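Heads up, this note's numbering is the position in the sequence shown plus 6, with the first residue counted as 1.
Take a look at the structure below.
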Amino acid sequence: PPATIAETPASLTGDYLAGRRCIRMNAQRRQPDPGRMLRITGARGNNLRNLTAAIPIGLFTCITGVSGSGKSTLINDTLYLAAARQIYGSTQEPAEHDLIVGLDHFDKVINVDQSPIGRTPRSNPATYTGLLTPIRELFAGVPEARSRGYGPGRFSFNVRGGRCEACQGDGVIKVEMHFLPDVYVACDVCRGKRYNRETLEVLYKGRNIHEVLQMTVEMAREFFDPVPVVARKLQTLVDVGLSYITLGQSATTLSGGEAQRVKLALELSKRDTGRTLYILDEPTTGLHFHDIELLLGVLHRLADHGNTVVVIEHNLDVIKTA
């Protein structure tokens, strides 16, 4: 029961339920500059009726309201699509509006949504964030791999050579159930390890490539600490509260919130220009109190660097810190 959890000092959930821990407001709130505003004029998409809105540039702003009030129409269908058209030349038409002023302040616009990072077992956080490339190069550099003539491609499960050909590097075999959803079973040949026996004989610091992909982000962060290019990417996953997922975890097993945070981690690992517009739609869905606190820390860090963060959200902790 919640009361029992709240009385348990060792429980992180109990700390939040009992009020021993809470998400606090910033002691010093950022002040908007009236001269640096993103102004949307005459928005008329869906339920919007000739709406005009001003969003401060370089700050963390929360868009909130009842269901059906037009939050997503204003931000996703109007602002994001108009920004994508101006910055990237997108051909997708934004929702009806008169004018948007202030887009010249941005050189990038990123909509971090909850769509999957991949739809097959082959997609995983390591491939999506680009972690696997430097890891494969590390394995290719060990003496055993060099003596055998193995390059980085040998440690990829997407191409022939090092992967298990029975499952083509998936680690699982898809069984079509016709009128039911497909079922995946572990490959009989590699037993879910994705690679053939010769590839798995190559060890980096006592671990083969399969064992590395089975590590949690937290374990891998410690394991690769001496390798800055890998450690930096892993740290971004830790920062967004994903220390518990494994590097090779199938994308099909990640929730929408986890997929969204993997995407956010990828953006954090890129070079920051300080002129990016970030858009997130209800990023706290399904998150624990502590995960929300970590996520807010990341979003505020983006704003501290001069970026503009716009979040559609009902969560009171997000609203009060924006």
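Glycine included, every Cβ here is placed at the ideal spot set by N, Cα and C.
Note that the structure is a prediction, hence the values are computed from the model and not measured.
Check whether residue i and residue j have beta carbons under 7 Å apart
i: Leu-44; j: Ile-61; result: yes
i: Gly-262; j: Asn-130; result: no
i: Thr-252; j: Ile-63; result: no
i: Leu-144; j: Tyr-94; result: no
i: Ile-285; j: Val-324; result: no
i: Arg-200; j: Gly-159; result: no
i: Ser-249; j: Val-218; result: no
i: Gly-74; j: Leu-54; result: no
i: Ile-215; j: Cys-193; result: no
i: Gly-198; j: Gly-177; result: yes
i: Val-195; j: Val-189; result: no
i: Gly-20; j: Ile-29; result: no
i: His-103; j: Gly-41; result: no
i: Asp-310; j: Gly-247; result: no
Residue closest to residue i, alpha-carbon to alpha-carbon, out of the options
i: Thr-79; options: Gly-108, Tyr-94, Glu-99, Gly-95; result: Glu-99
i: Leu-138; options: Ala-33, Leu-302, Met-221; result: Met-221
i: Val-208; options: Arg-281, Asp-119, Arg-152; result: Arg-152
i: Gln-120; options: Ile-318, Asp-323, Leu-109; result: Ile-318
i: Ile-81; options: Cys-68, Val-72, His-296; result: Cys-68
i: Val-65; options: Gly-136, Asp-278, Ile-215, Thr-282; result: The question names Val, but residue 65 in the sequence shown is Leu. Ranking Gly-136, Asp-278, Ile-215, Thr-282 by Cα distance to Leu-65 puts Thr-282 first.
i: Asp-245; options: Glu-299, Asp-194, Ala-265, Cys-193; result: Glu-299
i: Tyr-134; options: Val-191, Thr-47, His-306, Ala-271; result: Ala-271
i: Asp-287; options: Asp-297, His-306, His-320; result: His-320
i: Gly-155; options: Phe-112, Val-181, Thr-205; result: Thr-205
i: Ala-59; options: Gln-37, Thr-84, Val-72; result: Thr-84
i: Lys-114; options: His-296, Arg-277, Asp-310, Pro-289; result: Arg-277
i: Ser-256; options: Thr-291, Pro-187, Arg-128; result: Arg-128
i: Arg-162; options: Val-235, Glu-150, Gly-136, Leu-186; result: At residue 162 the sequence reads Ser, which differs from the Arg that was named. Nearest C-alpha to Ser-162: Gly-136.
i: Gly-212; options: Pro-149, Val-235, Ala-237; result: Pro-149
Beta bridge counterpart(s) of residue i as assigned by DSSP
i: Ala-59; result: Ile-46
i: Thr-252; result: Thr-222
i: Val-178; result: Ala-192
i: Val-72; result: Beta-bridge pairing links Val-72 to no other residue.
i: Lys-269; result: Note: Lys-269 sits in no beta bridge, so no partner.
i: Arg-169; result: Tyr-201
i: Tyr-210; result: Arg-213
Beta strand (DSSP E) segment containing residue i, residue limits
i: Thr-314; result: 314-318
i: Tyr-190; result: 189-192
i: Leu-286; result: 282-287
i: Leu-105; result: 105-107
i: Phe-66; result: 66-69
i: Ile-116; result: 114-118
Inter-residue CB distance, residue i and residue j (contact presumed, cutoff 8 Å)
i: Val-268; j: Leu-260; result: 7 Å
i: Leu-301; j: Leu-293; result: 7 Å
i: Ala-265; j: Pro-140; result: So it is not a contact: roughly 22 Å between Cβ atoms.
i: Gly-51; j: Ala-90; result: Actually they are not in contact, since the Cβ atoms of Gly-51 and Ala-90 sit about 15 Å apart, beyond 8 Å.
i: Ile-46; j: Ile-116; result: Not a contact, Cβ separation roughly 18 Å.
Boundaries of the alpha helix (DSSP H) in which residue i is found, first to last residue
i: Ala-9; result: 8-12
i: Lys-239; result: 234-245
i: Phe-295; result: 295-310
Cβ-heavy atom distance, residue i to the ligand ZN, below 6 Å
i: Arg-45; result: The ligand ZN is not part of this structure, which contains no ligands at all.
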